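Visitor: Count along the sequence shown starting at 1, add 199, and that's the number in my numbering. After the structure tokens below, expect a handful of questions from me.
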Amino acid sequence: MSRAAFLVVMIVSACGGDGGSMTADAPIELDAPPRACASNPAYVTMGTATNRYRMTGSGLRWAQARAMCDADEAHLAFVDDLDELITLAGPDINPGYFMGVSDSAVEGEWRLITGDPATYLPWLPGEPNGDRAENFGELDGNGINDIGDTALRAGICECEL
Ligand SMILES: [Ca+2]
Ligand SMILES: [Ca+2]
200 MSRAAFLVVM IVSACGGDGG SMTADAPIEL DAPPRACASN PAYVTMGTAT NRYRMTGSGL
260 RWAQARAMCD ADEAHLAFVD DLDELITLAG PDINPGYFMG VSDSAVEGEW RLITGDPATY
320 LPWLPGEPNG DRAENFGELD GNGINDIGDT ALRAGICECE L
């Protein structure tokens, strides 16, 4: 038996069959406590999405909507893929909601509100068209529009679960 195989046997022996709480399949839980939004009843499941969402009130600037989501320990929503786009653009939501994408730091370099590059940006035809005057994402119907910082909208907050 090789040394590596011996160690595997020893680890499996140490972890299994003794009635203890440790199993080979249970990772050590180092995650932070659940976010406050996870137990906030305003956040609801939608479509097939695994995360939960809520709408803010209307008439907000993008930065205000962002702050409201942050206060819930959520974030302005962004879409990861077509499934999430369909979920958020579905019949239960009217168009025209702020999304958590922006190119305010570097024009044309769209980033998620988390700071990561936005890799899925389902722009509406002709968008983005605002250059430096429009640096924030808006879900308008079934696609994204870039919009300015004085526009007033509701936002979609997303709670990562
Ligand atoms: Ca821009
Ligand atoms: Ca635009």
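All residues carry an ideal CB built from backbone N, CA and C; glycine is no exception. Small disclaimer: the values here were computed from a predicted structure and weren't measured.
#1: Just the Cα atoms here: how many angstroms apart are T255 and G314?
#2: Might you give, ordered along the chain, the residues of its own chain that have their beta carbon closer than 6 Å to the beta carbon of R253, omitting 5 neighbours on each side?
#3: Quick check on DSSP: helix, strand or coil for M221?
#4: I want to know whether the stretch 244-251 touches the stretch 324-339 - three or more CB-CB distances under 8 Å.
#5: From the DSSP secondary-structure annotation, give me the bridge partner or partners of D345.
#6: Let's see if you can read the secondary structure: which residues bound the alpha helix (DSSP H) around I285?
#7: Name the residue from C358, E359, G329, I343 whose alpha carbon lies nearest to the alpha carbon of T349.
#8: Taking 7 Å as the cut-off, is the beta-carbon of D330 closer than that to any non-hydrogen atom of ligand 2?
#9: Report the partner residues of C268 according to the DSSP bridge assignment.
#10: Should G307 go down as buried or exposed, given a rule of 16 or more other Cβ atoms within 10 Å for buried?
#11: Spell out a yes or no on whether the stretch 230-240 and the stretch 314-328 are touching, meaning 3 or more CB-CB pairs, one atom from each, closer than 8 Å.
#12: Below 8 Å on the Cβ atoms is my contact criterion, and I expect R352 with S257 to pass it. Report the Cβ-Cβ distance as a whole number of Å.
Guide: In this structure, then:
#1: Here residue 255 corresponds to residue number 56 of the sequence shown, with the count starting at 1. Here residue 314 corresponds to residue number 115 of the sequence shown, with the count starting at 1. For T255 and G314, the distance between alpha carbons rounds to 22 Å.
#2: Stepping through the sequence shown from its first residue, residue 253 is reached at position 54. The answer, listed in chain order, is A241, Y242, C356.
#3: Counted from its first residue, the sequence shown places residue 221 at position 22. Note that M221 scores a pLDDT of 47, beneath 50, so its modelled location is shaky and nothing firm can be said.
#4: no
#5: Your numbering for residue 345 matches position 146 in the sequence shown. Answer by DSSP bridge pairing, in chain order: G336.
#6: Counting from one through the sequence shown, the residue named residue 285 turns up at place 86. 281-287 is the extent of the alpha helix (DSSP H) around I285.
#7: As a first step, residue 349 is located in the sequence shown; it is residue number 150 there, counting from the start. Cα-wise, what sits closest to T349 is G329.
#8: In the sequence shown, residue 330 corresponds to position 131, counting from 1. For ligand 2, not one heavy atom lies less than 7 Å from the Cβ of D330.
#9: Along the sequence shown, one-based indexing puts residue 268 at 69. Answer by DSSP bridge pairing: none, since C268 is not bridged.
#10: Along the sequence shown, one-based indexing puts residue 307 at 108. That one is exposed.
#11: no
#12: Here residue 352 corresponds to residue number 153 of the sequence shown, with the count starting at 1. Here residue 257 corresponds to residue number 58 of the sequence shown, with the count starting at 1. Between S257 and R352 the Cβ distance is about 7 Å, and since that is below 8 Å, they are a contact.
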